[in-house]
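Please read the structure below before turning to the comments.
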Amino acid sequence: MTFYSHLFFGQDETMFQKGQFQITVAFSLMPIKKTNSQVDFKYIDGDQNVTYLVDSISANYNLKKRYFANAVTIGVGYFITDNIRTSINIKPYLNSFLSNKAKNGQVYGVQFDLGLDYFASVSDDVSISFGTTASRIIGGFGITSSGAKNKEYLVVNGNELYDNDIGFHIIDNSWAFSPTIGLHYRASSNIILSANSGFQMTFGRTSRMNFAGLQQDETVKWNRKEYNNADVSLMIDGTKINNDNINKLPYKFSGVFFELGTIINLNK
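Just remember that our numbering sits 923 ahead of the position in the sequence shown, which is counted from 1.
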């Protein structure tokens, strides 16, 4: 009789169980809140007292409004009870894989998430989840790419960069907290189709510039630059960016996000 009951009701087992591991793969629309803005940038690699020819790099262009950036999500999850899951996810933005030149005017980066979710069953094959996510966002923005015109190299922080594709970028890092909601459908015994959304709120933002290019030995040299440095000028809509007004930068990693993906239950 026990054997017969197990056979008859075998399809009614819960979608998720305590001790269960998962792998998640998803396509994500992440918030960047890029605004319609005029960008004016200039860098000068010396003054009248230097013994070499001085070069200047400049860029002037308009940004178009954009709310989202495309990303992929890869993560693992573990159910500490039948209803509560912890998870770790990594979300590289697809713009991160572009060349220096293609990154110009683009927001890019990678995000690391630590999540905690509660799952409730709607039916045998459908469940909803409510949770919170804490995130570290390592972001970037491509200002321009160029090289020296008056000599073989551009001088940055005393370093000689022999490169016609020096990347002039912003490194923009922040923390985030997100309430989330999800809908999950069991397509098979161990494959779950998932849709998630949330509202990402950033805090603890830090920002600086980075000029990266090849040295004479063909090694890449990263050069940190502060907005207050005398040899650089970044203007957004006529306002000069300095170390104290980074909130004027024409993008922000805050807002609504969406994800569509697949969850694989490993031990079913």
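Glycine residues also receive a C-beta, built at the ideal position from the N, C-alpha and C atoms.
- Which residues does DSSP pair with residue 1130 in a beta bridge? 1095
- How about the region 1094-1108 and the region 1122-1142: do they share at least three Cβ pairs that are nearer than 8 Å? yes
- Query: Would you say residue 978 and residue 1137 are within 9 Å of each other, going by their C-beta atoms?
  - Reply: no
- So the beta strand (DSSP E) residue 1001 belongs to, where does it begin and stop? 989-1002
- Item | Minimum C-alpha distance to residue 968 - residue among 1043, 1009 and 1079 | 1079
- Item | Among 1139, 1122 and 1187, nearest to residue 1176 - alpha-carbon criterion | 1122
- CB contact flag (residue 960, residue 1088, <9 Å): no
- Query: Is residue 1187 closer than 9 Å to residue 1107 when the C-beta atoms are compared?
  - Reply: no
- Item | Straight-line Cα distance separating residue 1054 from residue 1184 | 17 Å
- Query: Does the count of Cβ pairs from the region 1030-1038 and the region 1007-1019 closer than 8 Å reach three?
  - Reply: yes
- Item | Separation of residue 1115 from residue 1147, as counted between CA atoms | 44 Å
- To which residues does DSSP link residue 1157 through a beta bridge? 964
- Message: Assuming contact is defined by CB atoms lying nearer than 9 Å, are residue 981 and residue 963 in contact in what I supplied?
- Response: yes
- Measure the beta-carbon distance from residue 1028 to residue 986 and round it to whole angstroms, keeping in mind my assumption that it falls under 8 Å. 6 Å
- Query: Helix, strand or coil for residue 1084 per DSSP?
  - Reply: strand
- Message: Let's test the definition: count the other Cβ atoms within 10 Å of the Cβ of residue 1170 and tell me whether it reaches 16, buried, or not, exposed.
- Response: exposed
- Query: According to the Cβ coordinates, are residue 943 and residue 1002 closer than 9 Å?
  - Reply: yes
- Between the Cα of residue 1066 and the Cα atoms of 1085, 1174 and 1059, which residue gives the shortest distance? 1174
- Message: I'd like the list of long-range same chain contacts for residue 1005, defined as Cβ closer than 7 Å, with 5 residues on each side in sequence excluded.
- Response: 937, 939, 940 and 941
- Span of the beta strand (DSSP E) holding residue 1031? 1030-1044
- Item | Three-state class that DSSP yields for residue 1060 in the structure shown | strand
- Relative to the alpha-carbon of residue 1043, which residue among 1073, 1105 and 1135 has its alpha-carbon at the smallest distance? 1105
- Task: May I ask which residues mark the beginning and end of the beta strand (DSSP E) holding residue 1010?
- Result: 1007-1015
- Message: Using C-beta distances below 6 Å, list every residue in its chain close to residue 1118, excluding the 5 sequence neighbours before and after it, in chain order.
- Response: 1106 and 1183
- Message: Which same chain residues end up closer than 7 Å to residue 1086 when comparing Cβ atoms and leaving out the 5 residues on each side of it in sequence?
- Response: 1070, 1136 and 1137
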